[in-house]
Amino acid sequence: MTAPKKCLFCCYRRTATVFLIALLIVATLAFTSCGSITDDEAKDIIRELLPKTYELNDILFGPGLPYEKVPGGTDALLYLPVSEDAPYRTEEELREATLLVFSPDYAESIFELIFSGYSIEESESKSESKGVIFARYFDGDDGILRVNVNFEPIVKKSRTYDLDTIEIISKNNRRIIAKVGSIVDGKADVTVKITFLNTDNGWRVDSATY
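The sequence shown begins at 17 in the numbering used here and counts up one residue at a time.
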């Protein structure tokens, strides 16, 4: 009877060893995926991404894309085609450019605002609508982007950032949260807390920077 017991004990040991090795592999992978990056690496990511938000913030929230002027004014017209020298001339181009800088979730909220428009509620009960904000941009029948010439910019002044003032609050391989001093009209302005997310397509800005 001794031999079978020994055999069973050996099988148990082998099974336990395999199980422990598997646990170590899983733990190692989990640690690697959630591990941290250095402050310098985080700052390099921020220095690369933040300047890319400047033009997009102007286009999405500020003055907007240039559009073709019409002789005699535009009082009777709501949408006009973008100028030939506009950096983006179709909705697809503008969407792609936005997704290269901002995270998918944050970009989607932007798209809803500028490509779909929204209603302004008059009361907390939302039973009465005060008005409708029409989409800022949409593709015309010719495929060229149209601009809502009556759209009131959300941002009146362009904001840039002093990349020498980056302060890392928290960081890992998935997310970076930092404070960065901003500049408006050539003067130091508020310090802004900004989140950066590591997506399937690389690092992206995950919060407002305008």
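Just so it is clear, CB atoms sit at the ideal spot from N, CA and C, and this is done for glycine as well.
**OP:** Identify every residue that forms a DSSP beta bridge with Y153.
**Re:** Taking the first residue of the sequence shown as position 1, residue 153 is located at position 137. In the DSSP output, where bridge partners are listed per residue, Y153 has V163.
**OP:** With distances taken Cα to Cα, identify the nearest neighbour of D101 among D222, T225, I160, P120.
**Re:** On the sequence shown, residue 101 is found 85 positions in, with the first residue counted as 1. Comparing Cα positions, the closest option is I160.
**OP:** Could you check the C-alpha separation between G218 and T176 for me, to the nearest Å?
**Re:** Along the sequence shown, one-based indexing puts residue 218 at 202. Along the sequence shown, one-based indexing puts residue 176 at 160. As the crow flies, the alpha-carbon of G218 is around 22 Å from that of T176.
**OP:** Please name the residue, chosen from I170, S125, Y226, that lies closest to G197 on a Cα-to-Cα basis.
**Re:** Counting from 1 along the sequence shown, the entry for residue 197 is found at position 181. With distances taken between Cα atoms, G197 lies closest to Y226.
**OP:** Compare the Cα-Cα distances from V262 to each of V208, I130, P79 and report the closest residue.
**Re:** Limits of the chain in this structure are 17 at one end and 226 at the other, which puts residue 262 out of reach.
Original post:
Since E112 contacts L96 with CB under 8 Å, what's their CB separation in whole angstroms?
Top reply: As a working note, residue 112 is residue 96 in the sequence shown. As a working note, residue 96 is residue 80 in the sequence shown. With 8 Å as the limit, E112 and L96 do not qualify as a contact, their Cβ atoms being about 23 Å apart.
Subject >> Three-way DSSP call (helix, strand, coil) for I75 in this model >> reply: Taking the sequence shown and counting its residues from 1, one reaches residue 75 at position 59. Residue state, collapsed to three classes: helix.
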